[in-house]
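Number of protein chains: 2
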Amino acid sequence: MSELASRARKLDAEDELAHKRAEFLLDGDVYLDGNSLGALPASVPGRLDDVVRREWGELRIRSWGESGWWTAPERIGDRIAPLVGAAPGQIVVGDSTSVNVFKALVAAVRMSAGASAERDEILVDATTFPTDGYIAESAARMTGCRLRPVTPAEVPAALSDRTTAVLLNHVDYRTGRLHDLPSLTAAVHAAGAIAVWDLCHSAGALPVGLDEHGVDLAVGCTYKYLNGGPGSPAYLYVRRDLQDRFDSPLPGWNSHAEPFGMRPAYEPAPGALRGRVGTPDILSMLALESALEVWEGVTIDMVRTKSLALTDFFLECVAEYVPEGRVESLTPLRHEERGSQVSLRCEDAETVMNRLIAQGVTGDFRHPDTLRFGFTPLYVTYTDAERAARVLGELLS
Amino acid sequence: MSELASRARKLDAEDELAHKRAEFLLDGDVYLDGNSLGALPASVPGRLDDVVRREWGELRIRSWGESGWWTAPERIGDRIAPLVGAAPGQIVVGDSTSVNVFKALVAAVRMSAGASAERDEILVDATTFPTDGYIAESAARMTGCRLRPVTPAEVPAALSDRTTAVLLNHVDYRTGRLHDLPSLTAAVHAAGAIAVWDLCHSAGALPVGLDEHGVDLAVGCTYKYLNGGPGSPAYLYVRRDLQDRFDSPLPGWNSHAEPFGMRPAYEPAPGALRGRVGTPDILSMLALESALEVWEGVTIDMVRTKSLALTDFFLECVAEYVPEGRVESLTPLRHEERGSQVSLRCEDAETVMNRLIAQGVTGDFRHPDTLRFGFTPLYVTYTDAERAARVLGELLS
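So the protein lines, in turn, are chains A and B.
Quick note on numbering: numbering that gives the first Met the number 0 labels position 86 of the first sequence as 85, and the sequence is numbered without any gaps.
Quick note on numbering: numbering that gives the first Met the number 0 labels position 198 of the second sequence as 197, and the sequence is numbered without any gaps.
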């Protein structure tokens with residue numbers, strides 16, 4: 000056994016999160032794609048079967064009340080809240096991330112316009128996952144704003160008294176770079192604008208601190224580090240003191256103050272409920288709720304500590320096993336700038352990733368030349384990291 | 000046994016859809032709330048367990064391709080298409096009804112504005128399920144239009160060369176009244192406007208004929224007569240020749256011509272795919288796909304024939320069993336004006352419905368004074384109808 004392999008064993012033996020792996024249904028392969036689709040928590044199949052057979056099949060319509068279906072969006076929001084540093088009552092679950100970006104950005108412009116009609120420019124992360132940019136373009140078009148794409152580093156200089164809202168990603172989906180949420184949020188606020196953060200690649204992987212850093216609005220998906228299942232519903236955070244001013248472009252009946260009053264005039268519900276839209280997608284939502292049970296007894300600081308140790312160790316193994324010059328890390332070495340993934344630029348990346356997968360090491364390929372490896376500390380081991388780097392090294396030798 | 004009870008037995012024995020009831024998981028109760036939440040098809044629990052354990056748990060990320068997850072929205076749309084009289088390639092499944100109403104109405108205004116900038120009035124069904132009205136108000140506000148609520152009967156007179164789009168319900172959720180889709184659509188077109196139909200209470204219960212009647216855009220939910228499960232995803236129909244002009248207010252990455260190109264500039268996909276937004280909600284969507292298997296060998300005309308016979312028979316039983324003057328039907332007697340439910344106005348309706356439910360007859364209460372009974376021909380029997388009326392009669396005697 001190589002030195003790195005035996006060190007991996009030792010690190011696994013000392014890992015305070017090691018016991019969490021048993022709460023997932025996994026096989027012998029190395030799964031480093033939990034930043035795209037989290038692995039299946041062991042509690043989910045049984046819970047979902049109960050939701051389907053008993054709650055839907057037997058109680059049927061009564062489950063909206065008796066099984067707590069109606070209140071699931073805010074109840075599950077409160078379950079996600081501690082993972083992103085939010086007090087209860089500020090998050091609702093539902094719809095896709097794209098739809099929530101639209102709600103958040105339009106509402107941000109409306110909040111800001113309330114303060115000053117001269118603000119008509121939305122800044123958007125030019126390196127963002129594309130959907131955020133597309134939706135931001137639509138939000139700008141529909142609110143009479145101009146959209147200006149800038150890199151996160153350029154944001155401070157781009158802010159002005161024309162800026163209405165700024166949409167940023169906490170972690171870049173391609174490079175795994177972690178952006179400085181506290182200082183960027185402070186800069187946005189100093190310019191009098193609203194800060195909207197996309198947490199898709201950070202929630203469940205590292206501390207976010209929404210309340211602590213005064214973030215205004217945030218969105219995120221739940222199928223990556225939160226393991227909610229394919230296409231599980233996203234969430235929307237609206238800071239408590241902004242909720243009365245949250246004016247949704249999608250005021251569906253679920254956000255009405257009295258949803259079963261069936262009133263022709265819309266009157267928004269108080270609090271985070273205002274972010275709801277239509278009938279919540281119960282099967283996916285309750286699968287997510289069950290998946291969140293794996294966070295019992297885990298703090299996000301424990302996760303962050305292991306995440307950095309895992310990615311450090313993986314980079315060390317890559318340096319050892321992969322021939323010089325065959326890959327180049329796009330992910331920052333500095334911990335303050337690193338999310339929970341390692342992205343390696345590599346020639347013929349798509350072919351290389353397909354071969355890795357065939358050999359039991361799953362990451363993913365991102366156009367045009369990037370191998371992405373996501374490290375989900377609740378179930379990825381140091382032994383996984385060593386094996387992934389070793390197989391990659393063999394393929395590239 | 001009463002004459003009506005024995006007639007019910009005979010009607011059940013002759014029912015060409017009677018064998019379909021075995022394809023649902025039902026108990027001995029009478030379930031007349033399938034117009035709110037359809038009963039559980041027997042195929043769903045096993046299929047969903049396979050989706051969770053094998054497709055998510057074992058294949059994980061590979062299932063987006065290998066298990067056909069990525070193409071589910073359009074594949075399932077094509078499965079719904081024959082039930083609403085649409086040729087393939089015009090329906091995508093995803094998001095809630097409310098979100099789809101927003102997409103459809105904004106896109107309708109944009110199509111219409113392309114024809115004439117003078118059109119700035121949206122007509123909306125004043126008796127609609129409230130969410131359609133709330134969302135229509137938002138769509139009007141965000142497109143610079145004026146919203147004018149009118150009853151469906153007032154639509155022809157209200158149409159003018161200012162009308163851009165008209166949002167109508169095919170069946171009224173409270174009264175069960177069926178509106179005349181062919182003639183209203185023709186009137187909207189004669190005025191040069193776009194017709195948007197909400198099919199929540201008609202799809203799966205009666206013929207719609209979207210293609211035949213030239214409907215422009217339509218939306219509907221799948222958890223009522225389509226039995227998709229609680230909060231299962233809704234769908235959007237865009238008539239083929241309008242698809243190139245469908246300009247979505249929610250242009251998420253799933254509607255991009257090359258979604259995995261991760262391009263910063265948005266370029267819409269061709270066809271119905273343009274109505275997609277974010278990552279599809281796979282668990283709920285595949286439960287719906289499985290639920291749609293019950294339509295094998297069933298035509299919507301068979302369903303309509305039984306639906307009318309069931310509601311006729313129920314009304315006859317009510318007239319026989321319920322003391323004179325205790326209830327009044329809000330549902331039209333004429334077949335051409337009747338959906339697949341019977342709504343009875345009744346004093347203390349909420350209390351009466353709770354007692355009915357306690358006695359094994361489930362319908363629902365709608366504020367302020369309405370008992371609603373939905374008749375889903377795939378699993379409701381004539382015996383159910385007779386028993387429901389009999390228990391109601393006993394309660395009101």
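We treat Cβ as the ideally placed atom computed from N, Cα and C, and that holds for glycine.
Determine, using beta carbons only, whether residue i and residue j come nearer to each other than 9 Å.
i       : j       : result
D197(B) : L166(B) : yes
D246(B) : R109(B) : yes
L370(B) : S339(B) : no
R32(B)  : R53(A)  : In the sequence on display, residue 32(B) carries Asp and not Arg. Their beta carbons are not under 9 Å apart, which means D32(B) does not touch R53(A) by this criterion.
L104(B) : A138(B) : yes
F374(B) : F313(B) : yes
T304(A) : T330(A) : no
S231(B) : A156(B) : no
C199(A) : V218(A) : yes
G88(B)  : R239(B) : yes
V123(B) : L146(B) : yes
G76(A)  : Y234(A) : yes
Using the three-state DSSP reduction, which class does residue i fall into: helix, strand or coil?
i       : result
Q89(A)  : coil
S306(B) : helix
P81(B)  : helix
P367(B) : coil
N34(B)  : coil
S396(A) : coil
S328(B) : strand
T361(A) : strand
H255(B) : strand
P250(A) : coil
P279(B) : coil
V51(B)  : helix
G70(A)  : Checking the sequence, you will find Thr at residue 70(A) rather than Gly. T70(A): coil per DSSP, three-state reduction.
L12(B)  : The residue asked about is misnamed: residue 12(B) is Ala in this sequence, not Leu. A12(B): helix per DSSP, three-state reduction.
Could you work out which residues of chain A lie near residue i, taking near to mean beta carbons separated by less than 7 Å?
i       : result
F101(B) : L249
S283(B) : D280, L282 and S283
W69(B)  : Within chain A, no residue comes near W69(B); the closest Cβ sits about 10 Å away, beyond 7 Å.
Y265(B) : Y133 and E136
A286(B) : L282
Please list, in chain order, the chain B residues whose beta carbon lies closer than 7 Å to that of residue i.
i       : result
H366(A) : F259, G260 and M261
M412(A) : Lying outside 0 to 396, the shown extent of chain A, residue 412(A) is not represented and no answer is given.
G277(A) : S95, T96, S97, V98 and T130
So which residues on chain A does residue i lean against when the C-beta distance must stay under 8 Å?
i       : result
T162(B) : Within chain A, no residue comes near T162(B); the closest Cβ sits about 20 Å away, beyond 8 Å.
E319(B) : Under the 8 Å cutoff, chain A gives no residues; its nearest Cβ is about 27 Å from E319(B).
D197(B) : Chain A residues near D197(B): none, gap ~12 Å exceeds 8 Å.
Residue i versus chain A: which residues are under 9 Å apart at the beta carbon?
i       : result
G219(B) : Those within 9 Å of G219(B) in chain A number zero; the least Cβ separation is about 12 Å.
L39(B)  : V51, R52, W55, G56, E57 and R59
P269(B) : Ordered by position in chain A, no residue passes the 9 Å Cβ test against P269(B), which lies about 17 Å from the chain.
List the residues of chain B whose Cβ lies closer than 8 Å to the Cβ of residue i, in chain order.
i       : result
W252(A) : S97, F128, P129, T130 and Y133
G392(A) : In chain order: nothing, as chain B lies at least about 23 Å away.
D171(A) : Neighbours of D171(A) on chain B: none; closest Cβ ~12 Å, over 8 Å.
P232(A) : D280
Can you pull the chain B neighbours of residue i, defined as C-beta to C-beta under 9 Å?
i       : result
S62(A)  : L36 and P229
V165(A) : Ordered by position in chain B, no residue passes the 9 Å Cβ test against V165(A), which lies about 17 Å from the chain.
M141(A) : V105, M141, T142 and P248
D347(A) : The contacting residues do not exist; D347(A) stays about 17 Å from chain B at best.
Residues bridged to residue i by DSSP?
i       : result
L177(B) : V170(B)
Y236(B) : I90(B) and A217(B)
F372(B) : V341(B)
A164(B) : I121(B) and I193(B)
L146(A) : I121(A)
P40(A)  : F23(A)
V29(A)  : V360(A)
P267(B) : H255(B)
Mind checking whether the beta-carbon of residue i lies closer than 8 Å to any heavy atom of the ligand NAD?
i       : result
F313(A) : Looking at this structure, you won't find the ligand NAD or any other ligand, since it has none at all.
Return the residues of the segment 111-136 of chain B that lie within a Cβ-Cβ distance of less than 8 Å from chain A, sorted by chain order.
-> A125, F128, P129, T130, G132, Y133, I134 and E136
Residues of the segment 324-342 of chain B with a CB closer than 9 Å to any CB of chain A: list them in chain order, please.
-> none
Contact list for the segment 43-55 of chain A against chain B, Cβ threshold 9 Å = V43, P44, L47, D48, V50, V51, R52, E54 and W55
Interface positions of the segment 176-194 of chain A facing chain B (Cβ-Cβ less than 9 Å), listed along the chain | none
Closer than 9 Å, Cβ to Cβ, to anything on chain A: give me those residues from the segment 356-383 of chain B, in chain order.
-> I356, T361, D363, R365 and H366
For the segment 11-37 of chain A, which residues have a beta carbon sitting closer than 8 Å to at least one beta carbon of chain B?
-> L24, D26, Y30, D32, S35 and L36
Selection of the segment 143-154 of chain A by Cβ proximity to chain B, strictly under 8 Å = P148
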